[in-house]
Structure formats: C-alpha cells, structure tokens
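Below: one structure, written as structure tokens.
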Amino acid sequence: MIARALLCRPRLLVLDEPSLGLDPHNVTIVFETLKSLQAAGTTVLLVEQNAAQSIEMADRAYVFRNGLIEMEGDGAKLLDDERFAEMYLGAGAVAR
Numbered sequence: 001m002i003a004r005a006l007l008c009r010p011r012l013l014v015l016d017e018p019s020l021g022l023d024p025h026n027v028t029i030v031f032e033t034l035k036s037l038q039a040a041g042t043t044v045l046l047v048e049q050n051a052a053q054s055i056e057m058a059d060r061a062y063v064f065r066n067g068l069i070e071m072e073g074d075g076a077k078l079l080d081d082e083r084f085a086e087m088y089l090g091a092g093a094v095a096r
C-alpha cells in the first residue's frame, strides 16, 4: 500500500493505521520506511495506535482520547511527559 502511494512521489503521505494487523517484524519495517521517507523530505501525516513509535518519529504530535485532544506538542517532549507514559505505557511507567 505504501509503495503504491509513493509511485506518485507525494510531498505529503497520509496513512491511517499502517501497522494494523502486522507482526512485530513488519511493524518495524513500516516505521523504518516512514522514518526514511521523512528524512528524505516527505511529510508524513500518520494516524496510529502504536503511540510510542509514532510519537518518537513525530515533529508534532496530537494524542487523542475519546475523540478529544488530550495532549499535543513536540514528539520527543511528549515521550518524556509523565502523563503520556501513564496513558499509554501503564500507570507508574517511566517514559524512555
């Protein structure tokens, strides 16, 4: 699916749950590919439940809960935010 979208050489690639249903090895491949595209200058708009990996690569991130924006900001800063760790990594978890 990603390969077909790249045939048009888009400046913006919009993806909805590209890792859904994939085994861990293929999830890694998807995220490595997205990071490569981002490094090459393609803007990636990603909707993904794999919050930690998504936010890790994000320049800007929005975290939704029950349809409302719960948090927003720089991806790296959100990963270090204790509230993010509690919401997505479990109560008492320490981010990174």
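Going by this note's numbering, the sequence shown opens with residue 1, and the numbers climb by one from there.
Note that the Cβ used here is the ideal one computed from N, Cα and C, for glycine as well.
Contacting residues, own chain, Cβ-Cβ under 6 Å from residue i (five flanking each side not counted)
i: Leu34; result: Val44
i: Arg9; result: none
i: Ala93; result: Unreliable positioning characterises Ala93 in this predicted model, as indicated by a pLDDT of 48, which lies under 50. A coordinate reading is not provided.
i: Glu72; result: Tyr62
i: Ala76; result: none
Under 8 Å between C-beta atoms of residue i and residue j
i: Arg65; j: Met87; result: yes
i: Leu22; j: Val14; result: no
i: Val63; j: Leu78; result: yes
Reduced DSSP secondary structure (H/G/I, E/B, other) of residue i
i: Ala97; result: Limits of the chain in this structure are 1 at one end and 96 at the other, which puts residue 97 out of reach.
i: Ala58; result: coil
i: Met1; result: coil
Exposure of residue i, with buried meaning 16 or more beta-carbon neighbours within 10 Å
i: Ser19; result: buried
i: Glu17; result: exposed
i: Ser54; result: buried
i: Glu48; result: buried
Spatial neighbours of residue i in its chain, beta-carbon cut-off 8 Å, leaving aside the 5 residues before and after
i: Gln38; result: Val44 and Met57
Cut-off 7 Å between Cβ atoms - residues of its own chain near residue i, not counting five sequence neighbours on either side
i: Leu12; result: Thr43 and Leu45
i: Ala5; result: Leu13
Inset, instruction - Identify every run of the beta strand (DSSP E) within the region 5 to 47, keeping only runs that are complete inside it and at least 3 residues long; order them along the chain. - result: The DSSP assignment places 12 to 16 and 43 to 47 as complete runs of the beta strand (DSSP E) inside the region 5 to 47, in order along the chain (cut-off: 3 residues).
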